[in-house]
Amino acid sequence: MLADIERKILRILYNYSSGRRRMPSMHELMIKTGKSKQHIMQSLIQLEKQSYILWEDQRHVESIRILQGWEREG
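All residue numbers for the sequence shown refer to numbering that gives the first Met the number 0, where the first residue is 0 and numbers rise by one.
Written as structure tokens, this is what we have:
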């Protein structure tokens, strides 16, 4: 089960990738979530550990690839 911030970030990533055809920047994520860069980074790492995203180059948020754009049930 995802934490609220992780769920919110995953939805933002999914909506940006499908609607705008790109990933949001760190600055955009900070504005949309109201969280600090450090908190967002921790949440992204958790999303990767849980196999919701693939994030090979962790220096750039734009390099994220979504594996699953919504929370798993159960």
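Beta carbons: idealized from backbone N, C-alpha and C, even for Gly.
Three or more beta-carbon pairs under 8 Å between the region 6–15 and the region 35–47, yes or no? Contact between the region 6–15 and the region 35–47 is present: 3 or more CB-CB pairs across the two stretches fall below 8 Å.
Quick check on DSSP: helix, strand or coil for L28? By one-based count along the sequence shown, residue 28 stands at place 29. Assignment of L28 by DSSP, reduced to helix, strand and coil, places it in the helix class.
At which residues does the alpha helix (DSSP H) containing E47 begin and terminate? As a position in the sequence shown, residue 47 is number 48, starting the count at 1. Unbroken alpha helix (DSSP H) run through E47: 36–48.
What span of residues does the alpha helix (DSSP H) with R6 cover, start to end? For the purposes of this step, residue 6 is taken as residue 7 along the sequence shown, with counting starting at 1. Looking at the DSSP string, the run of the alpha helix (DSSP H) that includes R6 is 3–14.
Pick from R71, E47, L1, W69: whose alpha carbon is nearest that of S62? Along the sequence shown, read from residue 1 onward, the residue named residue 62 stands at position 63. Comparing Cα positions, the closest option is E47.
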